[in-house]
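The numbering of the sequence shown is full-length UniProt numbering, which starts it at 1 and goes up by one.
We treat Cβ as the ideally placed atom computed from N, Cα and C, and that holds for glycine.
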Amino acid sequence: MERVQCSYESLDETFEIGKEMYRGQQYSQIYFARLRLMRTLLYSLVSQWKPNSPVCTVLGLEEGKECVVVGTLFKNMKLKPCILDEYSKERSVVPLV
């Protein structure tokens, strides 16, 4: 039995992340680029949503004062699998985290 050959056109270029934007780092660079693009829009919407609340940075927060912070959240999940822990278990090494 012979496998039938067929031709196709690759249309995946629109989904590729170029090397100039992603150089092998973690996802933080992608989150940063997305936030940079959305920041201007979000700042303009804050004045409509909360007209009396200033936009603050995390370093500019003051206890007891209401403000709006624009950013990316990170959630540390203890039960999330970590490839480094799995590797260290296989090698009988002390866990890295």
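Check whether residue 68 and residue 54 have beta carbons under 9 angstroms apart: yes
Nearest to residue 31 (by Cα), restricted to the options 91, 74, 78 and 85: 74
Residue range of the alpha helix (DSSP H) that includes residue 89: 83-90
As assigned by DSSP and simplified to three states, the class of residue 4: coil
Residue span of the alpha helix (DSSP H) that contains residue 28, given as start and end: 28-49
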